[in-house]
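These protein sequence lines map, in sequence, to chains S and F.
First residue of the first sequence? That's 847 in my numbering, and the numbers climb one at a time after it.
First residue of the second sequence? That's 4 in my numbering, and the numbers climb one at a time after it.
We put the beta carbon where it would ideally sit given N, CA and C, even for glycine.
A quick note: this is a predicted structure, and the numbers were derived from the prediction, not measured.
Here's the structure we're looking at; comments come further down.
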Amino acid sequence: MLNLIKKDFFAGYLFLFGIIILAPFITWMEIWAMIDDFGGLILGIFTLITMILCIASAFIFMAVDSSPNTDMIYASLPVKRSTIVAARYITSYMMMLICFLIIILTCFSSVYLFNKSDQAFNILLSLRGIASMSLFLIFILSFILPFVFTFGAGKGFTVALIVQIILVISLPLIKFIFNLVSGIIEFDIALFSRFLKSTLRWIIALPAYQAYILIIFIIIIVITISLKLSIRFYYRRDL
Amino acid sequence: MHNVLEIKNLRKDYGDFCLDDISFSLPEGFIMGLIGPNGAGKTTTIKLIMNLIMKNGGSIKIFGKEHIAHEVEIKSRIGFVYDNPNYYEHLNLRQVKNIIAPFYKDWDEAIFRELVDKFQLPLKKILKKFSRGMVMKSAIAIALSHHADLIIMDEPTSGLDPIFRRELLDLLYELLQNEKKSILFSTHITSDIERIADYITFILGGKIIFSTRKDEVLENYAIIKGGKELLNEETKRFFRGMRISEYGFEALTDNVDNIKKALGSDIVIDKATLEDIMYFSNMKDHHA
């Protein structure tokens, strides 16, 4: 396992240097432009760009590794396919979190070194903000990875993206179907909605340590399900 | 004499191509050549042996063990050379070796150095700047550096110049003389097989045509040449493949005795090369 992780970083060290240089540069540009031109940090856009950067860095790191079809070479080594998948998971999450950490440090540097502060940083740079963002990033990457192990890096990412777009587009459709069904079989959609809202309120109101335990618990479940799916798909994949 | 590789009724269905009912075995200490035209199923067979693709049926035993259940143990004793060894192009050979070597507990740095010197490979040049022959030599050096008991190579000599091809074949032969190693390699360069193989497995259209000792193949098969007037439904039955021109016919047979009886002295019988066998087996009646 350790050899595989070392291999990934050894093979992708040029890309890692690229991220170490590019991620702070892009983040500073964003902060400067938003504060100077728009009078403040636009939280939604900033968060979205941060997420794209982090996911892209994990994905490109993985694509660098499998671009010259090295999968075949490594699958012929005396290593179980499940170990290959697990190692690839660790390196992808590590790469994503390294990028996220660099962005967070860049934000701190802009506040404390360059006096480019904004109210939005109170949320972004709080422990709960960082934890929630990490959870969200891990959730998205965990969703993408099984597709990557089923179809390969490029095709897998495209399929995952299409599925995500379909899910987002189909949300209003699901709501419409729910409304339709509730009209026919008298399903109380308001009850379902109340349940979701009260659950969210309960999570937000949790004391800090309980919230973090819950986040860690959710992360473990999400990663475990994703990993199990990826291993199953990768075993069936013809290389 | 026990078999290091035993394949029984192996099957892989791709929809438009099916590797069907493949069975053969490789005894310890011998070289087997897997021959067949492009698209015959050689690479698919090798990928199945290496568990790079899933089989649809049959069994594969390597060193007497089921190849999936004992995958890690088996692969640590195999030296594998793929026909398109795609290592990281931005790394040099030393770096690639540093990545691969820790996976093998029997990695022998001295052998690797010796082979690198022998093949005149630069350790510090990035692989992107390597020629195909150099990439292949690198893959071979890596595959032979961990004391593998079974060496599996898919088209190892394609893209190599004749001098290095001959050197590689000598090296493989030398390996076999000094140690109890077994080698399975696929190629469509039949002269390579004729030079060093002990056994030959011929695959065509996803099916085994024969899998036997090379001497037996070369003894049994012959090229028959004669006039067109000799051809009729009765005599055609003896031929595996035939080329008919306006001057006569040329055909492959594995039934020389019966041909002699049927056609007497009106024919010329030549020894068949492996290339002849591949060529004629791949065709039915062909009119030039």
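Quiz item: Using CA coordinates, which residue listed in F:A275, F:L8, F:E9, F:L13 is at the minimum distance from F:G209?
Solution: Counting from 1 along the second sequence, the entry for residue 209 of chain F is found at position 206. Residue F:L13 is the option with its Cα nearest to F:G209.
Quiz item: Taking C-alpha atoms, which residue in F:T276, F:G162, F:L255 lies nearest to F:I270?
Solution: For the purposes of this step, residue 270 of chain F is identified with residue 267 of the second sequence, where counting begins at 1. Nearest option by C-alpha distance: F:L255.
Quiz item: Name the DSSP beta bridge partners of F:L22, please?
Solution: Taking the second sequence and counting its residues from 1, the one referred to as residue 22 of chain F is at position 19. F:L22 pairs with F:K15.
Exercise. Alpha carbon to alpha carbon, how far is S:T1070 from F:S62? Give it in angstroms, no decimals.
Key: Residue 62 of chain F sits at position 59 when you count from the first residue of the second sequence. Residue 1070 of chain S sits at position 224 when you count from the first residue of the first sequence. So the two alpha carbons sit approximately 32 Å from each other.
Quiz prompt | Which of helix, strand or coil DSSP assigns to S:Y1080 | solution = The residue labelled residue 1080 of chain S in the question sits at position 234 within the first sequence. In this structure, DSSP gives S:Y1080 a helical state, which the three-state scheme calls helix.
Quiz item: For F:I103, which residues from the same chain have a beta carbon less than 7 Å from its beta carbon, with the 5 sequence-adjacent residues on both sides left out?
Solution: Numbered from 1 along the second sequence, position 100 holds the residue referred to as residue 103 of chain F. Here F:I103 has I145 as same chain residues with Cβ atoms under 7 Å from its own Cβ, once five neighbours each way along the sequence are excluded.
Quiz prompt | Proximal chain S residues relative to F:S62, where beta-carbon distance stays under 7 Å | solution = Start at 1 with the first residue of the second sequence, and residue 62 of chain F comes out as number 59. By Cβ distance, chain S contributes nothing, its closest Cβ being about 18 Å from F:S62, past 7 Å.
Quiz item: When the Cβ atoms of the segment 92-101 of chain F are set against those of the segment 156-170 of chain F, are three or more pairs found closer than 8 Å?
Solution: Verdict: no, contact absent.
Quiz item: Any beta-carbon of chain S closer than 8 Å to the one on F:H289?
Solution: Here residue 289 of chain F is taken as the residue at index 286 of the second sequence, counted from 1. Any answer about F:H289 is weak, because its pLDDT of 47 lies below 50 and its placement is not dependable; what the coordinates show is given next. Chain S, which has no Cβ nearer than 8 Å to the Cβ of F:H289, makes this no.
Quiz item: What residues in the segment 926-938 of chain S bring their beta carbon closer than 7 Å to a beta carbon of chain F?
Solution: K926: these are the residues of the segment 926-938 of chain S whose beta carbon lies less than 7 Å from some beta carbon of chain F, given in chain order.
Quiz item: Under three-state DSSP, which class holds F:R246?
Solution: In the second sequence, the residue the question calls residue 246 of chain F occupies position 243. Of the three classes helix, strand and coil, the one that applies to F:R246 here is strand, per DSSP.
Practice problem: Anything in the segment 853-886 of chain S with a Cβ closer than 7 Å to a Cβ of chain F? List those residues in chain order, please. | Solution: So the list reads K853, F856, A857, L860, given in the order they occur along the chain.
Practice problem: For S:D1084, go through chain F and note every residue whose CB falls closer than 7 Å to its CB, in chain order. | Solution: Start at 1 with the first residue of the first sequence, and residue 1084 of chain S comes out as number 238. By Cβ distance, chain F contributes I56, M57.
Exercise. Give the C-beta separation of F:I52 and F:I155 to the nearest angstrom, bearing in mind that I take them to be a contact with Cβ-Cβ under 8 Å.
Key: Reading the second sequence from its first residue, position 49 is the one you call residue 52 of chain F. Reading the second sequence from its first residue, position 152 is the one you call residue 155 of chain F. Between F:I52 and F:I155, the beta carbon gap of about 6 Å places them in contact (Cβ cut-off 8 Å).
Quiz item: Which residues bound the alpha helix (DSSP H) around S:L848?
Solution: Taking the first sequence and counting its residues from 1, one reaches residue 848 of chain S at position 2. S:L848 -> alpha helix (DSSP H) spans 848-857.
Quiz prompt | 8 Å Cβ cutoff met for F:L221 and F:K274 | solution = Sequence index remark: in the second sequence, residue 221 of chain F carries index 218 (1-based). Sequence index remark: in the second sequence, residue 274 of chain F carries index 271 (1-based). A contact, by the Cβ cut-off of 8 Å.
Quiz prompt | alpha helix (DSSP H) runs contained entirely in the segment 52-120 of chain F, provided each spans 4 or more residues | solution = Along the segment 52-120 of chain F, the alpha helix (DSSP H) occurs as fully enclosed runs of 4 or more residues at 74-78, 96-103, listed in sequence order.
Practice problem: Could you tell me the distance, in whole angstroms, from the CA atom of S:L943 to the CA atom of S:R1078? | Solution: Within the first sequence, residue 943 of chain S is the residue found at index 97, counting from 1. Within the first sequence, residue 1078 of chain S is the residue found at index 232, counting from 1. Each residue's alpha carbon lies about 25 Å from the other.
Quiz item: Which residues in the same chain have their Cβ closer than 6 Å to the Cβ of S:R927, if we skip the five residues on either side of it in sequence?
Solution: Reading the first sequence from its first residue, position 81 is the one you call residue 927 of chain S. Around S:R927: Y1080, Y1081.
Quiz item: So who's on the other strand from F:M156, going by DSSP bridges?
Solution: Working through the second sequence from its first residue, we reach residue 156 of chain F at position 153. DSSP lists F:V84, F:F188 as partners of F:M156.
Practice problem: Tell me whether the beta-carbon of S:P1018 lies closer than 8 Å to the beta-carbon of F:K78. | Solution: Counting from 1 along the first sequence, the entry for residue 1018 of chain S is found at position 172. Counting from 1 along the second sequence, the entry for residue 78 of chain F is found at position 75. No, the Cβ-Cβ distance between S:P1018 and F:K78 is not below 8 Å.
Quiz item: From F:G251 to F:L266, what does the alpha carbon distance come to, in whole angstroms?
Solution: By one-based count along the second sequence, residue 251 of chain F stands at place 248. By one-based count along the second sequence, residue 266 of chain F stands at place 263. Whole-angstrom Cα-Cα distance: 14 Å.
Quiz item: For S:S1076 versus S:F960, is the C-beta spacing smaller than 8 Å?
Solution: What you label residue 1076 of chain S is simply residue 230 of the first sequence in a count that begins at 1. What you label residue 960 of chain S is simply residue 114 of the first sequence in a count that begins at 1. Not closer than 8 Å, so no.
Self-check item: Bridge partner(s) assigned by DSSP for F:A254
Solution: Here residue 254 of chain F refers to the residue found at position 251 when the second sequence is read from its first residue. DSSP output for F:A254 lists F:I227, F:M245 as bridge partner(s).
Practice problem: Out of S:I950, S:F946, S:D917, S:L947, point me to the one whose CA is closest to S:R934's CA. | Solution: Position 88 of the first sequence, counted from the start, is the residue given in the question as residue 934 of chain S. The shortest C-alpha separation from S:R934 is found at S:D917.
Self-check item: Whole-angstrom C-beta distance between F:D201 and F:K217, which should lie under 8 Å
Solution: Position 214 of the second sequence holds residue 217 of chain F. Position 198 of the second sequence holds residue 201 of chain F. Taking 8 Å as the upper bound for CB-CB distance, F:K217 and F:D201 are in contact here, some 6 Å apart.
Quiz item: Would you say S:P924 faces chain F, with C-beta separation under 8 Å as the test?
Solution: Mapped onto the first sequence, residue 924 of chain S falls at position 78. Contact of S:P924 with chain F is assigned, a C-beta pair being separated by under 8 Å.
Practice problem: Given a cut-off of 8 Å, decide if S:G858 and S:F905 are closer than it, judged by their beta-carbon atoms. | Solution: On the first sequence, residue 905 of chain S is found 59 positions in, with the first residue counted as 1. On the first sequence, residue 858 of chain S is found 12 positions in, with the first residue counted as 1. Contact: no.
Quiz prompt | Buried versus exposed call for F:A113 [16 or more other C-beta atoms within 10 Å across all chains shown] | solution = Reading the second sequence from its first residue, position 110 is the one you call residue 113 of chain F. Burial call: exposed.
Practice problem: Taking only beta-carbon positions, decide if F:K45 is within less than 8 Å of chain S. | Solution: Stepping through the second sequence from its first residue, residue 45 of chain F is reached at position 42. It does not: the Cβ of F:K45 has no partner Cβ on chain S nearer than 8 Å.
Practice problem: Could you work out which residues of chain F lie near S:I906, taking near to mean beta carbons separated by less than 9 Å? | Solution: Position 60 of the first sequence, counted from the start, is the residue given in the question as residue 906 of chain S. Near S:I906 there are no residues of chain F at all, since even the closest Cβ is about 14 Å away, more than 9 Å.
Exercise. Could you work out which residue in S:Q1056, S:F954, S:I1065, S:I851 is closest to F:G105 when comparing CA atoms only?
Key: For the purposes of this step, residue 105 of chain F is taken as residue 102 along the second sequence, with counting starting at 1. The sequence shown places Pro at residue 105 of chain F, not Gly. For the set S:Q1056, S:F954, S:I1065, S:I851, the Cα lying nearest the Cα of F:P105 is the one of S:I851.
Exercise. Using the DSSP secondary-structure output, state which residues sit across from F:V271 in a beta bridge.
Key: Here residue 271 of chain F corresponds to residue number 268 of the second sequence, with the count starting at 1. Its beta-bridge partners are F:K228.
Quiz item: What are the boundary residues of the beta strand (DSSP E) that includes S:S938?
Solution: Within the first sequence, numbered from 1, the residue matching residue 938 of chain S stands at position 92. From DSSP, S:S938 is part of no beta strand (DSSP E) but of the alpha helix (DSSP H) over 927-958.
Exercise. Tell me whether F:D19 is buried or exposed, calling it buried when 16 or more other Cβ atoms sit within 10 Å of its Cβ.
Key: For the purposes of this step, residue 19 of chain F is taken as the residue at position 16 of the second sequence. Result: exposed.
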